[in-house]
Structure formats: structure tokens, C-alpha cells
Ligand code: NAD
């Protein structure tokens, strides 16, 4: 299995080689500022106590308080969390928002916990780490398998321990507990805004066909939003199986079927495909929206899409990047493509601190302004440097982080 943090460092090295960046920013970004590992005891329903391992990596606060999601997954470990915290640091800098980068997690398969056990684990994570969190210190959010309800438990636990009533220490909360309008669909919508801003650059029509891997918060919302705008969603998948229909699927009907049947198997009028096959489809746009390391040295040569919109974090290895670049397949990198989530999380934090509640239209307008501006900036930089969009996005982000660091300390 490819180590995601090693991939992240390779991406850093490759960007620093072309961008005229300083040696100092490279050295600074190779190492996170702080890593915390905690043991979280949970009294299980059967009366036993189980210890779960939890993490928080505070990668960089050069641009503002640490910020980043919490992942609950059986394969989550410190290397993965460190990589995700690194990418978050670059993502907030590409978005140009005054926020740093962090990430958290717990090694657990949440599907085998009862609702009560999940609540105890979530509250336990907040209890173990609350001294290191806070509206001006570190502001976590949801990621894979963590939901608005989980954020609600965590913010409640934080309030009990500290008395802080701003609710600004966690984002991605439910609307009735300090959440922002538009947060749920923000990552999928952000992906759409970025793609649509660049679409004409790579000569794709408004009704291009798209294949979406993963149908959680990000993939599910992206599929729905792309379909609503006239794109043809030909494939969707969950962790077990994918489905394909060349004439197009109705993402809402697929979601409903999955809710009712617990699986996509047997969805009427569609052919069952594996997740591996989904990545090789002849759709115009491929959208990995599940986990890391999906497109690698082994399968990159078989990718047939004209563009890849990286909605997941780290779905492609640097070796795969090179193969797709040679094949003239445009890759819109994760740190730009999925930045919508953290941008609206930043809006939520801002609203909590100011005691405001913005309308969904206001949130969407602000999101669109930022993402269209930064998508064009990344495109132009890639043209100027004659490089791919990932390296261009990295160069922009690293320049901003370096400038913020120097503005504070005069030097590194
Ligand atoms: P989620 O838990 O809501 O959904 C994950 C989806 O991936 C599920 O449909 C699951 O069935 C599927 N999946 C899991 N393993 C799979 C596999 N091996 N193959 C195919 N599908 C698989 O998570 P999410 O919040 O939608 O996050 C998805 C990705 O997007 C992650 O990489 C995450 O870091 C990234 N991301 C999320 C946000 C956000 O706001 N939630 C923001 C930016 C980036």
C-alpha cells in the first residue's frame, strides 16, 4: 500500500523543483508543527471497555488557526492523518482564506458500533483533545464517516468542558446547533464550481458524461449537482459495488435505492461494475470521491476519461499524475477541487464568532467568488510554468504560506 504522506512529500518536492520556491519553505513543510496521539476508552454496550486510538495533526498555522476534518475509519493511522493535514494546509492557502491546516482521526470501523457507542467515542475524542482545540487554536470538521450529528456531540462536549458557547470550535454542525447553510453540499458544489469554471479550457460540453466513485457526502452531492446542471452521470459506486448506465443515472433515485436496500446491487436498468472498472470507464470526467490511492502506477495507463476531478483527498499517486499528464488527461487537483468544504467551514466559523446566520444564497455566492477566482489563478499559473494544475496549485499555496510566515516572523 502506498504511504499517503510519502506521496504528499513527493508532490511537495516536485512543486518546489519547478516553482522557484525557497529551500526554507520546502524544509518547513516537510514536518508538521505538532502531532497528538490519544487513547480513548469507551464503555461498550456489552459492559467491556475498549480503547480506541485517536489522532490530531496540527500541520501549519502560518495562515490562521489549524483546521481540518476528523476521519473515523478502520485503516486510519498517523501517516494518513499527517498526509491529510498537509493537504489541508495547502488547500486553505489555495483558497486564500485565513486558516491553517490540520486533520484528525480514529482507527475504528464506525459501522460496527451502536449509536450510543459512536456517541461515546465522539465525545471521548473531544474530551481527550479539548485542551489543544479552540476557535482561535484548532477547529475540526467532518470527514469520512463523521457526520453533523457527530460534530454536534463534540461541540457539546467541548462546551461542557470549557464553557465556550460560541460553537466555533467545530464546523459541519447541524443547522439547529450553529451549522451553516450550504455546508452539507459545499464540497460537491465546490467541485462543480471549479469544474464549470475550467470546462471550456479543456473543450468539454455542458452535458459531458461523468463517473463518480463513492457516494457519501462528497460523491453523492456532486453526482446530484452535476446531474442538475445537465451532465450525464453514467456511473456511481459505494465501497462494495458500482453501477453503470451509458444513458445516465438519476443520482437521487440511486441514493434512495441505497437507503432502502442498503446496497446498490440490483439497481434497475444499470449494469453492476466494480470500483476498479469504474475508474477505467470511457466517461468524459472521472471523479474519485472516496479514499486515497485509487489511481496509481498500476492502473493509470488504463484511465480513459478526458479529465479527472479529484473530489477525494489524495486519490492519485505522483507516478499516476505523470502518466495522465503524458496522456493529456487534465487532473484538477484535490486541494482546489474539494476546497468548497473547508471554505464553507470557514464561513461557519466566521458566522459563529460574529453571531450571524447567512442565507444559503449568500453562502453559495461567496463560495463561487472564491473558487472561480482561484481556479483561474491556478490555470494561469500552470500555463505560465508549463506544468500541471497540481504543481501550479502547490506553488501558489506555498508562496502564500511562506509570505504569511515571513509577515509574522520576518523569516522562518
Ligand atoms: P463519506 O463517509 O460521506 O463517504 C465516503 C464514500 O466512499 C461512501 O460512499 C463509501 O461507501 C465510499 N467508499 C469507501 N471506501 C471505498 C472504496 N474502497 N471504494 C469506493 N468507494 C468507497 O465521506 P466524504 O465526506 O464523502 O469524503 C469522501 C472523500 O472526500 C474523502 O477523501 C474526504 O477526505 C474527502 N473530502 C471530504 C470533505 C467533506 O466536506 N466531507 C471535504 C473535502 C474532501
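Numbering (our numbering), first residue to last: 2 to 413. Each residue gets a CB set at the ideal place from its N, CA and C atoms; glycine is no exception. Computed from a prediction, not measured in an experiment: that's the story for all the values here.
task = Please classify residue 340: does DSSP put it in a helix, a strand, or coil?
result = The sequence position of residue 340 within the chain shown is 339, counting from 1. Of the three classes helix, strand and coil, the one that applies to residue 340 here is coil, per DSSP.
key: Other residues of its chain near residue 403: CB distance less than 6 Å, five sequence neighbours each side excluded   = Translated into the one-based positions of the chain shown, residue 403 becomes position 402. Answer for residue 403: 26, listed in chain order.
query = Cβ of residue 102 within 9 Å of Cβ of residue 69?
reply = If you number the chain shown from 1, residue 102 lands on position 101. If you number the chain shown from 1, residue 69 lands on position 68. Yes, these two residues count as a Cβ contact at 9 Å.
query = How about residue 94 and residue 399: do their beta carbons lie closer than 9 Å?
reply = Along the chain shown, one-based indexing puts residue 94 at 93. Along the chain shown, one-based indexing puts residue 399 at 398. Taking 9 Å as the Cβ cut-off, residue 94 and residue 399 qualify as a contacting pair.
Alpha helix (DSSP H) segment containing residue 59, residue limits = Working through the chain shown from its first residue, we reach residue 59 at position 58. Unbroken run through residue 59 is the beta strand (DSSP E), 50-61; no alpha helix (DSSP H).
ask   = Which residue's Cα is closest to the Cα of residue 185: 223, 169, 86?
value = Within the chain shown, residue 185 is the residue found at index 184, counting from 1. The option with the nearest alpha carbon to residue 185 is 223.
inquiry  = Is the beta carbon of residue 401 closer than 9 Å to that of residue 393?
reply    = Position 392 of the chain shown, counting from 1, holds the residue named residue 393. Position 400 of the chain shown, counting from 1, holds the residue named residue 401. No. Outside cutoff.
task = Quick one: measure Cβ to Cβ for residue 339 and residue 311, integer angstroms, because I've assumed they're closer than 8 Å.
result = Here residue 339 refers to the residue found at position 338 of the chain shown. Here residue 311 refers to the residue found at position 310 of the chain shown. Correct: roughly 7 Å between the Cβ atoms.
request  = Indicate whether the contact test is met: 3 or more Cβ pairs, each with one atom in the segment 58-72 and one in the segment 328-338, closer than 8 Å.
outcome  = no
key: Cα-Cα separation between residue 22 and residue 395, rounded to whole angstroms   = For this step, residue 22 is matched to residue 21 along the chain shown. For this step, residue 395 is matched to residue 394 along the chain shown. Their Cα atoms are separated by approximately 10 Å.
task = Give the C-beta separation of residue 39 and residue 129 to the nearest angstrom, bearing in mind that I take them to be a contact with Cβ-Cβ under 8 Å.
result = Here residue 39 refers to the residue found at position 38 when the chain shown is read from its first residue. Here residue 129 refers to the residue found at position 128 when the chain shown is read from its first residue. The pair is a contact, with the Cβ atoms about 4 Å apart (cut-off 8 Å).
inquiry  = If I follow the unbroken beta strand (DSSP E) through residue 107, where does it start and stop?
reply    = Taking the first residue of the chain shown as position 1, residue 107 is located at position 106. It spans 102-108 - the beta strand (DSSP E) in which residue 107 sits, taken as one unbroken run.
query = Does the beta-carbon distance from residue 138 to residue 206 come in below 9 Å?
reply = Sequence index remark: in the chain shown, residue 138 carries index 137 (1-based). Sequence index remark: in the chain shown, residue 206 carries index 205 (1-based). Not in contact: residue 138 and residue 206 (Cβ atoms no closer than 9 Å).
ask   = Since residue 141 is in the beta strand (DSSP E), which residue starts that stretch and which ends it?
value = Working through the chain shown from its first residue, we reach residue 141 at position 140. From DSSP, the beta strand (DSSP E) with residue 141 extends over 139-143.
key: For residue 214, the three-state DSSP class (helix, strand or coil)   = Here residue 214 is taken as the residue at index 213 of the chain shown, counted from 1. Residue 214: strand per DSSP, three-state reduction.
ask   = Quick one: is residue 221 buried, meaning 16 or more other Cβ sit within 10 Å of its Cβ, or exposed?
value = Locating residue 221 in the chain shown gives position 220, counting from the first residue. That one is buried.
key: residue 305 - DSSP class collapsed to helix/strand/coil   = Numbered from 1 along the chain shown, position 304 holds the residue referred to as residue 305. If DSSP states are grouped into helix, strand and coil, residue 305 belongs with coil.
key: Touch test, the segment 189-207 against the segment 371-381, Cβ-Cβ under 8 Å, three pairs minimum   = yes
key: Own chain residues within Cβ distance below 8 Å of residue 378, not counting five before or after   = Taking the chain shown and counting its residues from 1, one reaches residue 378 at position 377. Here the set comprises 397.
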